[in-house]
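Below is one structure, written out as structure tokens, with a few remarks after it.
Numbering (our numbering), first residue to last: 17 to 182.
This is the structure we're talking about:
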């Protein structure tokens, strides 16, 4: 049995950037929310997050600077400033073509991230954000609060159990 350790934020981010099929959609906001979804799926499945991020319910959903900061310090990434089709500035995460993006991740961790990518790869921005906002932590937590994903996963599981007992 594999001993569970938390993945490093930069390794989760690198894997997402390497495996996500729509590279031009890998903005700071989308990548951060993909890491959140991976942490949430892991909390639901394994009662542990993939990363050590203390998630925060910002004005625009789960957001922390840790994802961006880790990519900025990692030589596997190119951070590219560009603009949206509306002319607004946009920062894209790009993983270098020769980067080792699987290092530091177990098979189980890669499977969780692959599931998140599969669940979200066909969602345009509005549907993607709705998907994020439909997660239990965002539905039950007030803005500007810490999101304890492990505790919220246990709470969600207990609520589902109670509902099925009725």
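Note that beta-carbon positions come from the ideal geometry of N, C-alpha and C, so glycine has one too.
Notebook entry, point to check: What is the rounded straight-line gap between the Cα of residue 45 and the Cα of residue 139?
Noted result: 14 Å
Next item on the list: To the nearest angstrom, report how far apart residue 114 and residue 88 are at their CA atoms.
Entry: 17 Å
Next item on the list: Using three-state DSSP, classify residue 108 as helix, strand or coil.
Entry: In the structure shown, residue 108 sits in a strand (DSSP, three-state: E or B).
Notebook entry, point to check: Along the chain, where does the beta strand (DSSP E) that runs through residue 25 open and close?
Noted result: Careful: residue 25 lies outside any beta strand (DSSP E), inside the alpha helix (DSSP H) at 25-35.
Note to self: Excluding the 5 residues flanking residue 151 on each side, which residues of the same chain have their C-beta closer than 6 Å to its C-beta?
What the structure shows: 56
Check: If we ignore side chains and look at the alpha-carbon of each, how far apart do residue 71 and residue 121 end up?
Finding: Residue 71 and residue 121 have their C-alpha atoms spaced approximately 20 Å apart.
Note to self: Which residue marks the beginning of the beta strand (DSSP E) containing residue 8, and which one marks its end?
What the structure shows: Examination of residue 8 is not possible in this model, given that the chain is present from 17 through 182 alone.
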